[in-house]
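Residue numbers (our numbering): 381 to 1355.
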């Protein structure tokens, strides 16, 4: 799993000073609406009356839908065509069809409002469905206009969907004998198809006159795959029925739906999950705190591919709905992925986050410009090109401005429209592709940009440089040090720790009240943290805080994430050295690569690990001699960033001379040390300490890297470019008795060397593994597999290598622990321990192992007596010689709800355990089948479990009666 650094920046939310309720609807007169359409369209309207009385209207929409700045579009198109980049992956674009087909379909003759109403009434009568539902659906989906397709495949006035896995139009063909082309292109056929579908979705129920009875069928009529969004869109239809609606068509006709009484069924949907700060804990939810968490599990790319966020994209849907977009973005069954980071609803400004800002939404599809998705945050605004009133929705504009201000402030994006492509700033769709959003006029752009620019001025604050995170042997104390910030309004610093290895949330260890402007180091035990951790805190990051006058304080972007082990007194001592300072292929100002390396090492063996910046090695603050193994990564550094300057080399030489073991990884190390004429050219160091020669520059297509057949890294596969592009990997060859261990994908190019033996004048054997590329660009599972072989090469005992370890709550109330090993050496058994606080553990079971295996095994253990709380499970491995290795901790929340009771084991022989929610029951009675009460146990208000002995009872069936507000009886069997 890719590890990501969620933003922990304090969000400054601007509430614009507008005397307007987000729920209010603007009441316009017929005259106002006619003026609105005349303001946007001036072409004449042609009226055609057919023999059957149908009236059709037609006007040119070309000016209305044309690009607003043809010179800009021509320049962009030329720039797109001339740009050629190697290794660019085409990321799909969800824009295009909806915009590009509008002119074609809207220029056709369209039925008048009266004719459309006749079509709806006729179809409703034919298929015995409520006409009002069809009218409301047509208003929400299209404002009674034949359009399509939207970017998610909805067609026509009724928004019927035909896509990869949703086949409403195909189904309607069989129900009506209409052709798919007619349903897509003709309003009458589209309406009739919708009526047939609504009747079909009613599933044979009587044609009720109560609209509540049609809500489930209306949910199906939406055609959406996401259950929550089906309910949301159906509710929008019913709200139109309940509140009424008055709009204007593009052909100057008033569309009016009078309100009528209707009850809207309440459906249980997922909770609105937002970012929450509980005390000093930032729970992972949404990057923007006012957004609802509707994150998709697909249709995006993990990470930013090395880019930082430079652009804010403003997109408008033109066709389709807010609910339809979210449902489409979360549909994992389709073949063409597309998405956006945020969607904004028109009626009330509700915002949903679909893709995290730390990941790449597939919002732009311009080949040759990977930065559009890699460096941009994209937004979709719900508007219809056919409903002019939606474009100036005050709730949507207020929400859009607040979101833009927050994203731009957190990422230091100028809150202005970009001047030329490549500038940091705010972009529209026509800045990326040579198509424009219809009706996004200069005046509307100016309105939105003025709202965004009018927010709070945020002072600049530099992200701090974390120098080290180390542990004190045998304790849980954390030692941290950092470089002093220089802002004149600096208030201090905040030190955060990750709540888990997935960085799903962060909590404060200390803030500016302790970490004052003059403080640059601290040592803290967990009980001194502002938020005392419930499990071991190992990952840390730092932010700086400055004052902003009467406005809230401003918090910087976070530093790099560093990690250290806790309470470990055995195993080799390992130092992770972060020498990665340059922003080139990796664009972000901070990273969590040190934490990734920490996890890949810790997951393979019992080690004592600390992390430090390479400046601390130069300064002599951190001594390499205190460690057995050093992992030094330099990313894509170059000669300009002083790769291995004189001080570095002196320290590394001494370390290796005295038997140290070094893993070194990074692009251009050999280019700058082993290439004659390079700034840091030092062939002696390159040959005698890195044990390699520089051969040539590599290329971005050298991936994947694979282990040499028959060598110690055979079987290793590393796909480079997962976290950022490895643009210039070094092609290196072994020197002396060193060996090649890794090959690039390109024949004749070598990616890594290894050597074990003495160095320089030393007499103690050491070792070096040298990689000519940044290992952190590979995926974390691949790095973990590499580290297992690296530790084996350095002869670090690896009794067990795990593939996986999971803990899950079962329907029976038991917790299932399941783990899979990749290999086992002299493995006697596994020990499972449980804790309520994540610190004090007690053994609850053992599982005998296979002893020795190179292919691994699967293991399962059930905890049938979990506590009604969060249960922490530690898995340990014990050798035949008694040595114990910690393999990790997992937690499971066993929170019983309502009056649920767990009874186990059942059947039983001697005792039965019961668990329940505190305060629900006050007494338990044990009763035999004749009704005689054998035992009576009183329960306190905080009691959640107890054990009942059956030792003196005969075999047979008994009853447990739980007395309280709602008595409950459970049957148990004694064998």
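The beta carbon of each residue, even a glycine, is placed where N, CA and C say it ideally should be.
Bounding residues of the alpha helix (DSSP H) (the contiguous stretch that carries residue 786)
774-791
Going by CA-CA distance only, name the one from 789, 924, 688 and 596 that's closest to residue 898.
924
Using the Cα positions of residue 606 and residue 494, report the straight-line distance between them to the nearest angstrom.
34 Å
Taking Cβ to Cβ, would you say residue 960 is nearer than 8 Å to residue 1014?
yes
Taking the beta carbon of residue 729 as the centre, do at least 16 other beta carbons fall within 10 Å, making it buried, or is it exposed?
buried
Would residue 450 be called buried (16 or more neighbouring beta carbons within 10 Å of its own) or exposed?
Caution applies to residue 450, whose pLDDT of 38 falls short of 50 and renders its modelled position unreliable; the model cannot decide the point.
Do the stretch 557-568 and the stretch 588-598 make contact, defined as three or more Cβ pairs closer than 8 Å?
With a cut-off of 8 Å, the stretch 588-598 and the stretch 557-568 do not count as touching, because too few Cβ pairs lie within range.
Have a look at residue 723 and residue 779 and give me their C-alpha separation to the nearest angstrom.
11 Å
Just to confirm before moving on: does the CB-CB distance between residue 992 and residue 1032 stay below 8 Å?
Residue 1032 is positioned such that its CB atom lies no closer than 8 Å to that of residue 992.
In terms of residue numbering, what span does the alpha helix (DSSP H) encompassing residue 1162 cover?
1160-1173 is the extent of the alpha helix (DSSP H) around residue 1162.
Flag this pair as touching only if the stretch 540-548 and the stretch 696-715 have three or more C-beta atom pairs under 8 Å; answer yes or no.
yes
When the Cα atoms are used, what is the spatial distance from residue 868 to residue 1085?
48 Å
I need the DSSP call for residue 1347, collapsed to helix, strand or coil.
In the structure shown, residue 1347 sits in coil (DSSP, three-state: anything other than H, G, I, E or B).
According to DSSP, residue 848 sits in a beta bridge with which residue or residues?
861 and 992
Does the stretch 1278-1296 come within contact of the stretch 1325-1335, defined as at least 3 CB pairs closer than 8 Å?
Yes, the stretch 1278-1296 is in contact with the stretch 1325-1335.
Can you look up residue 987 in the DSSP assignment and give me helix, strand or coil?
coil
Would you check if there are 3 or more beta carbon pairs closer than 8 Å linking the stretch 1171-1188 to the stretch 1099-1119?
no
Per DSSP, residue 733 forms a beta bridge with which residues?
673 and 722
Near residue 739, which residues of its chain fall below 8 Å by C-beta distance, leaving aside the five closest residues on each side in sequence?
384, 680, 681, 682, 683 and 684
According to DSSP, residue 543 sits in a beta bridge with which residue or residues?
Paired residue(s): none; residue 543 is not in a bridge.
Run through DSSP, which three-state label would residue 1318 get?
strand
Starting from the C-beta of residue 927, find all residues in its chain whose C-beta is less than 7 Å away, skip the five residues before and the five after it, and write them out in chain order.
869, 871 and 933
Would the stretch 948-957 count as touching the stretch 1131-1146 if we require 3 or more Cβ pairs under 8 Å?
no
Using only the heavy atoms of the ligand ZN, determine whether one of them is closer than 7 Å to the beta carbon of residue 939.
For the ligand ZN, the structure offers nothing, since it holds no ligand at all.
According to DSSP, is residue 633 part of a helix, a strand, or is it coil?
coil
Range of the contiguous alpha helix (DSSP H) that encloses residue 977:
973-982
Mapping the DSSP letters down to three states, classify residue 742 as helix, strand or coil.
coil
If you reduce the DSSP assignment to three classes, tell me which class residue 958 lands in.
Residue 958 carries a strand assignment under DSSP once its states are collapsed to helix, strand and coil.
Would residue 706 pass as a contact of residue 732 if the rule is Cβ separation under 8 Å?
yes
Considering only the alpha carbon of each residue, which of 975, 1182, 700 and 920 lies closest to residue 525?
Ranking the options by Cα distance to residue 525, first place goes to 700.
Touching by the beta-carbon criterion (3+ pairs, under 8 Å), the stretch 1068-1082 and the stretch 930-945:
Taking a cut-off of 8 Å on C-beta distances, the stretch 1068-1082 does not touch the stretch 930-945, as fewer than three cross pairs fall below it.
Helix, strand or coil for residue 688? Go by DSSP, reduced to three states.
coil
Residue 414, DSSP secondary structure in three states
helix
Cα-Cα separation between residue 807 and residue 829, rounded to whole angstroms
11 Å
Assuming residue 620 and residue 676 form a contact by the criterion Cβ under 8 Å, report the distance between their Cβ atoms to the nearest whole angstrom.
About 28 Å; that fails the 8 Å criterion.
Do the CB positions of residue 1237 and residue 1230 come within less than 8 Å of each other?
Contact: yes.
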